[in-house]
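Undergrad:
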């Protein structure tokens, strides 16, 4: 498994296409959403109003291809991208250089993969790391607070946790509010409008074993759900689970 | 001393003009900066890039006179306002109704008065509360990260703390990142470019007693320093120390 951000970014630039959960432990991972400048205020306000789903780590100037916490190239150094045309995903790419525009403002949003190292340090098991798959993510029936032309449902990631470790999982992840922080929901997926845990909307399904409780964290795919609902003319995002590996350390975002 | 936000706002609407430190313990206080819509993105980005100084608690729609965490009237319910014309303060007011504009976007920014109740609960003394004066605030020689047309120095508030309680003051305030959180600087005011603690740029001076250390927290007057430097055509702000008393509870912003 890759250990250093630059090494991981080079591998992704070379075409490696894998989910990044477990990659570069201790280094902060981020969701990407790049939108035309005319939508930047609405998006930044959307993020401010929905901080659990959209904790903003960094914002570029229009057209910039790197960021203060990301020394790589945002167009090539993520393992996979989803491109949206008027809210419709028009395909997965490993390189979006030819689609880049000088008016794109890129937002790096905290990712819950960041606190998985802390969960493992606390001996809280993380199922999708055990199985080597992508984390399962679900659209919920909870609406985000809209902002300008942007609205959409909250998306969550799910990790099954043994009942006796649920409190620890809350305690550990609470200390990382910039990467989604404490769970938004514990148990009872039906009350989030999730009818089948085996059919995630993004990522891969994982088993919930006897004695385990499904725990839901707000997810940085929420901006993509807003793009799909609100249909701005153009957007580039990471493919869910295929994150930007930044040069920030997890500890930069640790609160007491 | 007033206990409830609505009661305080009514008194301020009636013309009472006092600093709000110590007012309505347990209720969150906020800095106000209202800017024309065309500057809203630059300001929100400035805040995102300078989160210690400018933790955003709420943002209104253009022209709105209340906010989701402030059920009062932003034009009348603060004890005092400063109005800026091209960056020049053109006077203190207790009511800005006649100056209000439909294109003003109002930002409520966390205020360190919020954590003073927690300091007192921890038996950490707060000098300006003892003396019944406004907190002293200083421009520093530290530049904020600029955003678009906005740039300026970080402003800090200062509280002298007995040396043996400094660690407690750090620990307690660290838990409130949305209201400036941990100090940005402890001791050595000269290294912030502060030459005379007895001459604050805003608020009132307080004595630093023998055995006490001056502790500096980032301050929500920072946006006003940026307005003075960057000179947008129009802005309305609270007068330093004369805050918006919101309907949010301090505990809403407590982290583990």
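Protein chains in written order, with the working numbering: chain A, 277 to 532; chain B, 277 to 532. Don't be surprised by glycine CBs; every beta carbon is placed ideally from N, CA and C. Since this is a predicted model, take the numbers as computed values, not measurements.
Strictly below 8 Å CB to CB, what residues from chain A border residue 451 of chain B?
TA: 531, 532
Undergrad: With a cut-off of 8 Å, does the C-beta of residue 427 of chain B fall near any C-beta of chain A?
TA: No Cβ of chain A is located within less than 8 Å of the beta carbon of residue 427 of chain B.
Undergrad: Whole angstroms are fine: how far does the CA of residue 491 of chain A sit from the CA of residue 397 of chain B?
TA: 34 Å
Undergrad: For residue 316 of chain B, go through chain A and note every residue whose CB falls closer than 7 Å to its CB, in chain order.
TA: 317
Undergrad: Let me make sure I understand the geometry here. Which of A:355, A:319, A:321, A:310 has the alpha-carbon closest to that of residue 288 of chain A?
TA: A:355
Undergrad: For the stretch 320 to 335 of chain A, which residues have a CB atom closer than 7 Å to at least one CB atom of chain B, in sequence order?
TA: 320, 321, 324, 332, 335
Undergrad: By DSSP, does residue 352 of chain B sit in helix, in strand, or in coil?
TA: coil
Undergrad: For residue 447 of chain B, return the contacting residues in chain A, with the cut-off set at a CB-CB distance below 9 Å.
TA: 532
Undergrad: Given 8 Å as the limit, is there contact between the stretch 338 to 348 of chain B and the stretch 471 to 478 of chain B, that is, 3 or more CB pairs closer than that?
TA: They do not touch, by the three-pair rule.
Undergrad: Do the CB positions of residue 401 of chain B and residue 480 of chain B come within less than 8 Å of each other?
TA: Cβ distance not < 8 Å, so residue 401 of chain B and residue 480 of chain B don't count as in contact.
Undergrad: Would residue 336 of chain B and residue 381 of chain B be called neighbours here (beta carbons separated by less than 8 Å)?
TA: Result yes, Cβ atoms of residue 336 of chain B and residue 381 of chain B sit closer than 8 Å.
Undergrad: Which complete alpha helix (DSSP H) runs does the stretch 393 to 474 of chain B hold, if anything under 4 residues is left out?
TA: 403 to 407, 442 to 450
Undergrad: Run through DSSP, which three-state label would residue 358 of chain B get?
TA: strand
Undergrad: Under the rule that 16 or more other beta-carbon atoms within 10 Å means buried, what is residue 508 of chain B, buried or exposed?
TA: Taking all protein chains shown into account, residue 508 of chain B has 16 or more neighbouring C-beta atoms within 10 Å of its C-beta and is therefore buried.
Undergrad: Which term fits residue 318 of chain B, buried or exposed, when burial requires 16 or more other beta carbons within 10 angstroms of its beta carbon?
TA: buried
Undergrad: Of the choices A:503, A:384, A:487, A:369, whose alpha-carbon is the least far from that of residue 293 of chain A?
TA: Comparing alpha-carbon positions, the option among A:503, A:384, A:487, A:369 lying closest to residue 293 of chain A turns out to be A:369.
Undergrad: Using DSSP's beta-bridge definition, name the partner residues of residue 512 of chain B.
TA: B:310, B:359
Undergrad: Looking only at its chain, what residues have a beta carbon closer than 6 Å to the beta carbon of residue 331 of chain A, apart from the 5 residues adjacent to it on each side?
TA: 386, 454
Undergrad: Considering only residues of the same chain and omitting the five flanking positions on each side of residue 391 of chain B, which have a CB-CB separation below 6 Å?
TA: 449, 452, 455
Undergrad: Could you check the C-alpha separation between residue 483 of chain B and residue 430 of chain B for me, to the nearest Å?
TA: One C-alpha to the other measures close to 23 Å.
Undergrad: Along the chain, where does the alpha helix (DSSP H) that runs through residue 498 of chain B open and close?
TA: 498 to 506
Undergrad: Less than 8 Å between the CB atoms is what I'm expecting for residue 423 of chain B and residue 321 of chain B, so what's the real figure, rounded?
TA: 4 Å
Undergrad: If I measure Cβ to Cβ from residue 313 of chain B and keep anything under 6 Å in the same chain, skipping five residues before and after, which residues do I get?
TA: 338, 379, 381
Undergrad: Is the Cβ-Cβ distance between residue 428 of chain B and residue 502 of chain B less than 8 Å?
TA: Going by C-beta atoms, residue 428 of chain B is nearer than 8 Å to residue 502 of chain B.
Undergrad: Can you tell me whether residue 284 of chain A is helix, strand or coil according to DSSP?
TA: helix
Undergrad: Identify, in the order they occur along the chain, each residue of the same chain with its Cβ nearer than 6 Å to the Cβ of residue 353 of chain B, setting aside the five sequence neighbours on each side.
TA: 285, 288, 289
Undergrad: On a CA-only basis, which of B:526, B:306, B:416 is nearest residue 432 of chain B? Give me that one, please.
TA: B:416
Undergrad: Can you tell which of A:302, A:310, A:283, A:419 has its C-alpha closest to the C-alpha of residue 528 of chain A?
TA: A:302
Undergrad: Where does residue 494 of chain A fall in DSSP's three states?
TA: strand
Undergrad: How long is the line joining the alpha carbons of residue 554 of chain B and residue 299 of chain B, rounded to whole angstroms?
TA: A question about residue 554 of chain B goes unanswered here, because the residues of chain B that appear run from 277 up to 532.
Undergrad: Can you give the Cα-Cα distance for residue 327 of chain B and residue 426 of chain B, rounded to whole angstroms?
TA: 15 Å
Undergrad: Please name the residue in A:511, A:466, A:486 whose C-alpha comes closest to that of residue 357 of chain A.
TA: Here the closest residue by C-alpha is A:511.
Undergrad: How far does the alpha helix (DSSP H) with residue 320 of chain B in it reach, from first residue to last?
TA: 316 to 325
Undergrad: Name the residue from B:377, B:365, B:376, B:436 whose alpha carbon lies nearest to the alpha carbon of residue 485 of chain B.
TA: Sorting B:377, B:365, B:376, B:436 by C-alpha distance to the C-alpha of residue 485 of chain B places B:436 at the top.
Undergrad: With respect to the beta strand (DSSP E) encompassing residue 383 of chain B, which residues constitute its N-terminal and C-terminal limits?
TA: 380 to 386
Undergrad: Which residues in the same chain as residue 496 of chain A place their Cβ atom closer than 6 Å to its Cβ, once the five residues preceding and following it in sequence are excluded?
TA: 307, 385, 387
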